[in-house]
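Residue numbering for the sequence shown follows the numbering used here, starting at 4 and increasing by one per position.
Please read the structure below before turning to the comments.
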Amino acid sequence: TAMELSKRITPEDAYWNLSFSGSVTKRVTDDLNINGLVDVGGNASFDVNTNNIDLSVAKNWRITSGAGTPFNYGTEQVTFDGAGRQWINADAGAQFYNVVVNKAGDSLVLNSDMTINTSASLTLTGGFVSSNSTDRLILEDNVTSSTGSTSSFVDGTMVKIGNEAFTFPLGDVGNYQPLTISAPSLATDEFTAVYRFADPRAFWDEISLGTDIHHVSTEEYWILNRMVGISSVSVTLGWNANSGGVQTPDSLVIARWNGTQWANEGNGGTTGEASAGTLVSGAPIASFSPFTLASVGFGFTGNALPVKLISFQATRKSSDVFTSWVTETEIDYDRFHVIRSADGETWEDVGTLPGAGNSSVRREYQYVDEDAPRLDLYYRLKQVDYDGSASYSKIQFVPFIGNSGGEPTFTTCCQVLTGSTPPMYNA
Numbered sequence: 004t005a006m007e008l009s010k011r012i013t014p015e016d017a018y019w020n021l022s023f024s025g026s027v028t029k030r031v032t033d034d035l036n037i038n039g040l041v042d043v044g045g046n047a048s049f050d051v052n053t054n055n056i057d058l059s060v061a062k063n064w065r066i067t068s069g070a071g072t073p074f075n076y077g078t079e080q081v082t083f084d085g086a087g088r089q090w091i092n093a094d095a096g097a098q099f100y101n102v103v104v105n106k107a108g109d110s111l112v113l114n115s116d117m118t119i120n121t122s123a124s125l126t127l128t129g130g131f132v133s134s135n136s137t138d139r140l141i142l143e144d145n146v147t148s149s150t151g152s153t154s155s156f157v158d159g160t161m162v163k164i165g166n167e168a169f170t171f172p173l174g175d176v177g178n179y180q181p182l183t184i185s186a187p188s189l190a191t192d193e194f195t196a197v198y199r200f201a202d203p204r205a206f207w208d209e210i211s212l213g214t215d216i217h218h219v220s221t222e223e224y225w226i227l228n229r230m231v232g233i234s235s236v237s238v239t240l241g242w243n244a245n246s247g248g249v250q251t252p253d254s255l256v257i258a259r260w261n262g263t264q265w266a267n268e269g270n271g272g273t274t275g276e277a278s279a280g281t282l283v284s285g286a287p288i289a290s291f292s293p294f295t296l297a298s299v300g301f302g303f304t305g306n307a308l309p310v311k312l313i314s315f316q317a318t319r320k321s322s323d324v325f326t327s328w329v330t331e332t333e334i335d336y337d338r339f340h341v342i343r344s345a346d347g348e349t350w351e352d353v354g355t356l357p358g359a360g361n362s363s364v365r366r367e368y369q370y371v372d373e374d375a376p377r378l379d380l381y382y383r384l385k386q387v388d389y390d391g392s393a394s395y396s397k398i399q400f401v402p403f404i405g406n407s408g409g410e411p412t413f414t415t416c417c418q419v420l421t422g423s424t425p426p427m428y429n430a
């Protein structure tokens, strides 16, 4: 038996919460603007297909009904447009046709799989889709997606099924970085992708480098996996101002972690310029795993990607505090300032060392703050480029610990270096 909700609903006369239970089918006769949640429980079914109804939902979407088709979506559109966070919960996975994410901010959070069905569309206008490896955003064959932007992307795991070229509109921590694959062979082929705006060295060795690779990015990585099928696809990645400093796009390559090293997947062409652009792999790729950008050169003919401190340490011995730091590479580094604070808020400059300018080798520095105050202290490194721009290390706390005679004892703070020790550079 079907029951029709025959009242004509307009945006000025909208529902707050729309909740169904029981075991009948509920239909509406006009587009609905729902300022609250949609909740379909019991054995009820919510039908927007029969009367071609589009929905706008400002709160959560919850489907716990045991009906065979708890939401009859047809070829209709659901827009999620709440100002705050919204959740998707569906016991058997949420099924939709056309989906629009048009939020002023915050995220549409998936607590179950969300599937956009064959030949439909995903439109990202504002806000984010937050997914994970178990609660995924799944786009079936021939589903299209808008390209996304810094204000609207998929933050988490996204699945694409089908045999068409596709751009995954991925991002993380406010950084939009899509990934594109060329067309797989079969309509049943399935690829999963996620982007992370994080240092890949936390998970994979930065030293094990494939043919001609000088260094890999320390800013970001993508994980692309083929879940179904045997298709090889070309992979396109991008860079922007958050990628750490691309200088020469032609010396970029795509690097793939193959289990033992960062393999060189080549440069099949670039678009854009040094500030932002894209790079396609040199050939279709048959094996899948983590990907990032890498450089086959350095300095004025290569890419920074980026220059970072490996470590900054501070230790106290007697009345002195010893500071030391290690750089892997340097580009346009003018000088380093060791700065100190007694409260972690007000800072003073206690010493300056010149940078190497441009260097492609690991370098170590040290500076001794003699007769440091007999207090708990905070230390930080300020790095200044030739153009006057500055960046800072993390703050390191150096406690003052006195013995029974009132003399300070030796304490150590922060990271201990491992591996081979290169020459020390003092100034």
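Glycine residues also receive a C-beta, built at the ideal position from the N, C-alpha and C atoms.
Mind checking which residues open and close the beta strand (DSSP E) that includes L282? 279-283
Coarse secondary structure for A190, derived from DSSP in three states: coil
Note down the Cα distance separating V102 from L125, rounded to an integer number of angstroms. 5 Å
What does DSSP give as the partner residues of S517 in its beta bridges? For the chain, the structure presents residues 4 to 430; residue 517 sits outside this window and is missing.
Within the same chain, show all residues whose beta-carbon is closer than 7 Å to that of S152, passing over the 5 residues directly before and after it, in chain order. Y179
Can you give the beta carbon distance from L58 to V81, rounded, assuming they're within the 8 Å contact cut? 5 Å
Does W19 pass the burial test, meaning 16 or more other C-beta atoms within 10 Å, or should it be called exposed? exposed
Cβ distance (whole Å) where T239 is taken to contact L282 below 8 Å: 7 Å
Inter-residue Cα distance where the pair is K62 and A93: 14 Å
Taking C-alpha atoms, which residue in S290, W242, V132 lies nearest to G87? V132
Of all the beta strand (DSSP E) runs that stay within the bounds of the segment 224-295, which reach a length of 3 or more residues? 224-231, 238-242, 255-260, 265-267, 273-276, 279-283
Does any residue of chain C have a CB that is nearer than 8 Å to the CB of L111? Looking at the structure shown, chain C is missing, and only one protein chain is on hand.
G129 beta carbon less than 8 Å from that of S155: yes
Cα-Cα separation, I342 to I184: 47 Å
Return the chain-ordered list of same chain residues with a C-beta closer than 7 Å to the C-beta of Q386, the five sequence neighbours on each side being excluded. Y336, F339, A393, S394
At a cut of 8 Å, does the segment 246-253 reach the segment 182-200 through at least three beta carbon pairs? no
So, is L21 buried or exposed, given that buried needs 16 or more other C-beta atoms within 10 angstroms? buried
Alpha carbon of P357 to alpha carbon of W350, nearest angstrom: 20 Å
Tell me where the beta strand (DSSP E) around V43 begins and ends. 41-43
Closest residue to H218 among P181, V231, E193, Q264 (Cα-Cα distance): Q264
From S136 to K106, what distance separates their C-alpha atoms? 23 Å
Separation of T150 from L127, as counted between CA atoms: 8 Å
Classification of A205 by the beta-carbon crowding that lies within 10 angstroms, buried from 16 upward: exposed
Which term fits V401, buried or exposed, when burial requires 16 or more other beta carbons within 10 angstroms of its beta carbon? buried
Secondary structure at R204, three-state DSSP: helix, strand or coil? helix
For I210 and A297, the rounded distance between their alpha carbons: 12 Å
Quick one: using the 10 Å Cβ neighbour count with 16 as the cut-off for buried, is Y441 buried or exposed? Nothing can be reported for residue 441: it is not among the residues displayed for the chain, which extend from 4 to 430.
Here's the rule I'm using: 16 or more other beta-carbon atoms within 10 Å means buried, otherwise exposed. How should T2 be labelled? Any question about residue 2 goes unanswered here, given that the chain covers just 4 to 430.
Report the CB separation of D208 from E222 in whole angstroms; it is logged as a contact under 8 Å. Not confirmed; about 17 Å, so no contact.
Quick check: what's the CA-CA separation for V324 versus D374? 8 Å
Would you list the one or two residues that DSSP bridges to F400? Y381
Under 8 Å between the Cβ atoms of S235 and D158? no
Starting from the C-beta of T67, find all residues in its chain whose C-beta is less than 6 Å away, skip the five residues before and the five after it, and write them out in chain order. G44, D94
Quick check for students: name the residue ranges of the beta strand (DSSP E) that lie wholly in the segment 15-101, counting only runs of 3 or more. 21-23, 28-31, 35-37, 41-43, 48-50, 58-60, 64-66, 80-83, 89-93, 97-99
Could you pull the start and end residues of the beta strand (DSSP E) that Q316 belongs to? 312-320
Let me know if I226 comes out buried or exposed under the rule of 16 or more other beta-carbons within 10 Å of its beta-carbon. buried
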